[in-house]
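K.L.:
Residue numbers (our numbering), protein chains in the order written: chain D, 13 to 190; chain R, 25 to 427.
1. Taking the Cβ atom as the reference point for each residue, do residue 163 of chain D and residue 156 of chain D lie within a distance shorter than 8 Å?
2. Taking 8 Å as the threshold (beta carbon to beta carbon), is residue 52 of chain R in contact with chain D?
3. Contact criterion: CB-CB distance below 8 Å. Does residue 54 of chain D meet it with respect to chain R?
4. First and last residue of the beta strand (DSSP E) that includes residue 47 of chain R?
5. Please list, in chain order, the residues of the stretch 355–378 of chain R that have any C-beta partner in chain D closer than 9 Å.
6. Can you tell me whether DSSP reads residue 121 of chain R as helix, strand or coil?
7. Of all the CB atoms in chain R, is at least one closer than 8 Å to the CB of residue 83 of chain D?
8. Grab me the residues of residue 161 of chain D's own chain with a C-beta within less than 6 Å of its C-beta, minus the 5 sequence neighbours each way, in chain order.
9. Determine the contact status of residue 248 of chain R and residue 105 of chain D, defining contact as a CB-CB distance below 8 Å.
10. Since residue 171 of chain R and residue 273 of chain R should fall inside the 8 Å C-beta cutoff, what is the C-beta to C-beta distance between them, to a whole number of angstroms?
11. Note down the Cα distance separating residue 282 of chain R from residue 304 of chain R, rounded to an integer number of angstroms.
12. Which residues in the same chain as residue 354 of chain R place their Cβ atom closer than 7 Å to its Cβ, once the five residues preceding and following it in sequence are excluded?
13. To which residues does DSSP link residue 407 of chain R through a beta bridge?
14. State the start and end residues of the unbroken beta strand (DSSP E) segment that holds residue 428 of chain R.
15. Roughly how many angstroms separate the alpha carbons of residue 56 of chain D and residue 194 of chain R, rounded to a whole number?
16. Can you check whether the C-beta of residue 51 of chain D is within less than 8 Å of a C-beta belonging to chain R?
17. If you compare alpha carbons, which of R:114, R:111, R:72 and R:294 is closest to residue 238 of chain R?
18. At what residue ranges does the stretch 107–177 of chain D contain a whole run of the beta strand (DSSP E), taking only runs of 3 or more?
19. Quick one: what does DSSP say residue 312 of chain R is sitting in, helix, strand or coil?
20. Helix, strand or coil: which one does DSSP assign to residue 28 of chain D?
21. Which of the three DSSP states, helix, strand or coil, is assigned to residue 48 of chain D?
22. Does the stretch 387–396 of chain R come into contact with the stretch 364–378 of chain R, if we say contact requires no fewer than three beta-carbon pairs (one atom in each stretch) closer than 8 Å?
23. Do residue 85 of chain R and residue 386 of chain R come within 8 Å of each other at the CB atom, strictly closer than that value?
24. Is residue 103 of chain R closer than 8 Å to residue 96 of chain R when the C-beta atoms are compared?
25. DSSP state of residue 169 of chain R, grouped into three classes?
26. Could you check which residue in R:146, R:350 and R:112 has the C-alpha nearest to that of residue 192 of chain R?
27. Go to residue 56 of chain D, then tell me how far its beta strand (DSSP E) extends in each direction, as first and last residue.
28. Does the count of Cβ pairs from the stretch 305–312 of chain R and the stretch 155–172 of chain R closer than 8 Å reach three?
29. Does the beta-carbon of residue 155 of chain R have 16 or more other beta-carbons within 10 angstroms, so that it is buried, or is it exposed?
30. Note the first and the last residue of the continuous beta strand (DSSP E) segment covering residue 88 of chain D.
31. Can you pull the chain R neighbours of residue 65 of chain D, defined as C-beta to C-beta under 9 Å?
32. Can you round the beta-carbon distance between residue 242 of chain R and residue 402 of chain R to whole angstroms, since I take them to be within the 8 Å contact cut?
33. What does the alpha-carbon distance come out to for the pair residue 77 of chain D and residue 107 of chain D?
34. Can you tell me the Cα-Cα spacing of residue 233 of chain R and residue 223 of chain R, whole angstroms?
35. For residue 79 of chain R, which residues from the same chain have a beta carbon less than 6 Å from its beta carbon, with the 5 sequence-adjacent residues on both sides left out?
36. Under DSSP, the beta strand (DSSP E) around residue 77 of chain R begins and ends at which residues?
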């Protein structure tokens, strides 16, 4: 039942094909590119409204093969104008390549959801929404996922105190659960 | 009827419905922690399943932002508490990528040894509880007997059993005790027979087969779309294993196969993991056979704690010790992702450094989080009993899901 797999020889690390495909599909989507090929890290900053188109391009292109949305998370950088950054880690399982898409928005701006392209985005988007206050447009259910019901504030923001603001009960009575 | 006129606040009775909403958990023994599932049932058939998580959420990512890099290791093994060593390792790999540290061969070999032992221990908990859920009590007891032996090795090596914090940035906390290698080698000899014992108990067991064969998990395409990795993905026949794809810690030196299944059902996921136990034994035998000599830690006194005996005799070592313990070491600004093949799938740490002694942001990519998210896709349309089999087969740990 097991078969030996051969370690594929890695192609010279470059994301030129990816950038080329994105530029061809969505001309003004890319805002910036950063790379560290020696460790296999590539970051592409994308305009928020073009994100689904870019992800679709990367996912559906057979030679690129970014079939997995490996992770989705946000970072709060209060000193920047666009303080909320969301990272999308796309993974090409056949080539073992990772690509990080970065989207930065200011407080209150929206990022289109990826739930339709990747059902995997459902929970991480909910998590990012509650922990950082990122708004995802078109998400069917942005209820609190990890935090208890009625929790106020976004704990992963830098201005949220480490110990929290007040004690939180998971629920007051069993009725709250029903 | 006059009843509704007298009590207008009562909502009108819903039309007679055949569906039943059933709450499963948070303290159901087969939910492996505090997972709550709300199932909508039509008879025994599941119409919808909604997992409710977050009961163990303690803000571990936030906690790590407020700790020096080396200290934050203690948080990592509390996430997936069944494979603490693997969590330590993934975190350290990410930090070491930022630092550009090279770990000497002996340190690498010890890391491989520990993460494979941990993989066996984690798979044993999975096998024991999975079998227990399905009604094979005795397997549980045998599995925990062997797991105990592995935890004893950990205890002998670093003093802790469940949350070792043994793998550190720059290497490991301390060298292996002299006796451990020999004991592990002895254990491996016994353990190979024990794997056959588990198989004898389960493979031809008609109850086990009835409950697992043909209970479909996910197709390859669904796994991709849902971000499901690990044995569930391999059960579809897709040989994806980071130890082969992008080897870390020198996994490329060891000879082993990636176990894959064919039918993507619960039984295949079981067989994949059983095969992985054997592959882990294979790797461990090679590690012990060629365990290199030399230092275990990178030779960087600004990052790695000096040996204790030097602290007592050498002033510079004392200063380094003092600074490293009280302040930690700065990490160059940048971002890095370190990922390993944990027993449950791809476990990754994404670390953003702002150049200070504490990480600016630590993001954990927990395999169980994505695997559990796929549960509704698996169980919808199946029977209640299959939920128990499916949860067991996904091998989730709520600690890393809620973080």
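Each residue gets a CB set at the ideal place from its N, CA and C atoms; glycine is no exception.
P.N.:
By the coordinates alone:
1. Walking along the first chain from the start, residue 163 of chain D turns up at place 151. Walking along the first chain from the start, residue 156 of chain D turns up at place 144. Yes, Cβ-Cβ distance for residue 163 of chain D and residue 156 of chain D is below 8 Å.
2. Sequence index remark: in the second chain, residue 52 of chain R carries index 28 (1-based). For residue 52 of chain R, the answer is no, since every Cβ of chain D falls outside 8 Å of its Cβ.
3. Taking the first chain and counting its residues from 1, one reaches residue 54 of chain D at position 42. No - not a single Cβ of chain R is within 8 Å of the one on residue 54 of chain D.
4. The residue given as residue 47 of chain R occupies position 23 in the second chain. Segment 43–48, the beta strand (DSSP E) holding residue 47 of chain R.
5. 358, 359, 360, 361, 363, 370, 372, 374 and 376
6. Translated into the one-based positions of the second chain, residue 121 of chain R becomes position 97. Helix at residue 121 of chain R.
7. The count along the first chain starts at 1 and reaches residue 83 of chain D at position 71. Closer than 8 Å to some Cβ of chain R, the Cβ of residue 83 of chain D qualifies, so yes.
8. Counting from 1 along the first chain, the entry for residue 161 of chain D is found at position 149. Hits under 6 Å: none found.
9. Stepping through the second chain from its first residue, residue 248 of chain R is reached at position 224. Stepping through the first chain from its first residue, residue 105 of chain D is reached at position 93. Against a cut-off of 8 Å, the Cβ pair of residue 105 of chain D and residue 248 of chain R comes out as a contact.
10. Sequence index remark: in the second chain, residue 171 of chain R carries index 147 (1-based). Sequence index remark: in the second chain, residue 273 of chain R carries index 249 (1-based). About 23 Å; that fails the 8 Å criterion.
11. Residue 282 of chain R sits at position 258 when you count from the first residue of the second chain. Residue 304 of chain R sits at position 280 when you count from the first residue of the second chain. Each residue's Cα considered, the two are about 10 Å apart.
12. The residue you call residue 354 of chain R lines up with position 330 of the second chain. Correct list, in chain order: 379, 380 and 381.
13. Taking the first residue of the second chain as position 1, residue 407 of chain R is located at position 383. Residue 407 of chain R pairs with R:69.
14. The shown model of chain R, from 25 to 427, leaves out residue 428 of chain R, and the question about it has no answer.
15. Along the first chain, read from residue 1 onward, the residue named residue 56 of chain D stands at position 44. Along the second chain, read from residue 1 onward, the residue named residue 194 of chain R stands at position 170. Going by the C-alpha atoms only, they are around 30 Å apart.
16. On the first chain, residue 51 of chain D is found 39 positions in, with the first residue counted as 1. Interface residue, yes.
17. For the purposes of this step, residue 238 of chain R is taken as residue 214 along the second chain, with counting starting at 1. Here the closest residue by C-alpha is R:294.
18. 109–117, 122–124 and 147–149
19. Residue mapping note: residue 312 of chain R aligns to position 288 of the second chain, counting from 1. If DSSP states are grouped into helix, strand and coil, residue 312 of chain R belongs with the helices.
20. Looking up residue 28 of chain D in the first chain gives position 16. If DSSP states are grouped into helix, strand and coil, residue 28 of chain D belongs with the helices.
21. Sequence index remark: in the first chain, residue 48 of chain D carries index 36 (1-based). Residue state, collapsed to three classes: strand.
22. yes
23. Residue numbering aside, residue 386 of chain R sits at position 362 when the second chain is read from its first letter. Residue numbering aside, residue 85 of chain R sits at position 61 when the second chain is read from its first letter. Cβ distance < 8 Å, so residue 386 of chain R and residue 85 of chain R count as in contact.
24. Along the second chain, one-based indexing puts residue 96 of chain R at 72. Along the second chain, one-based indexing puts residue 103 of chain R at 79. No, the Cβ-Cβ distance between residue 96 of chain R and residue 103 of chain R is not below 8 Å.
25. In the second chain, the residue the question calls residue 169 of chain R occupies position 145. Residue 169 of chain R: helix per DSSP, three-state reduction.
26. The residue you call residue 192 of chain R lines up with position 168 of the second chain. Of the listed residues, the one whose Cα sits closest to residue 192 of chain R is R:112.
27. As a working mapping, residue 56 of chain D is identified with position 44 in the first chain. Looking at the DSSP string, the run of the beta strand (DSSP E) that includes residue 56 of chain D is 53–58.
28. no
29. Locating residue 155 of chain R in the second chain gives position 131, where the first residue counts as 1. Buried: at least 16 other Cβ atoms inside 10 Å.
30. Residue mapping note: residue 88 of chain D aligns to position 76 of the first chain, counting from 1. Where residue 88 of chain D is concerned, the enclosing beta strand (DSSP E) stretches over 80–88.
31. Numbered from 1 along the first chain, position 53 holds the residue referred to as residue 65 of chain D. None at all; the shortest Cβ gap to chain R is about 18 Å.
32. Numbered from its first residue, the second chain carries residue 242 of chain R at position 218. Numbered from its first residue, the second chain carries residue 402 of chain R at position 378. That belief holds up - the Cβ atoms of residue 242 of chain R and residue 402 of chain R are roughly 6 Å apart, short of 8 Å.
33. Residue mapping note: residue 77 of chain D aligns to position 65 of the first chain, counting from 1. Residue mapping note: residue 107 of chain D aligns to position 95 of the first chain, counting from 1. Approximately 8 Å, taken between the alpha carbons.
34. Within the second chain, numbered from 1, the residue matching residue 233 of chain R stands at position 209. Within the second chain, numbered from 1, the residue matching residue 223 of chain R stands at position 199. Spanning the two alpha carbons is a distance of roughly 12 Å.
35. Position 55 of the second chain holds residue 79 of chain R. Contacts found: 50 and 58.
36. Residue 77 of chain R sits at position 53 when you count from the first residue of the second chain. Per DSSP, residue 77 of chain R belongs to no beta strand (DSSP E) and is neither H nor E.
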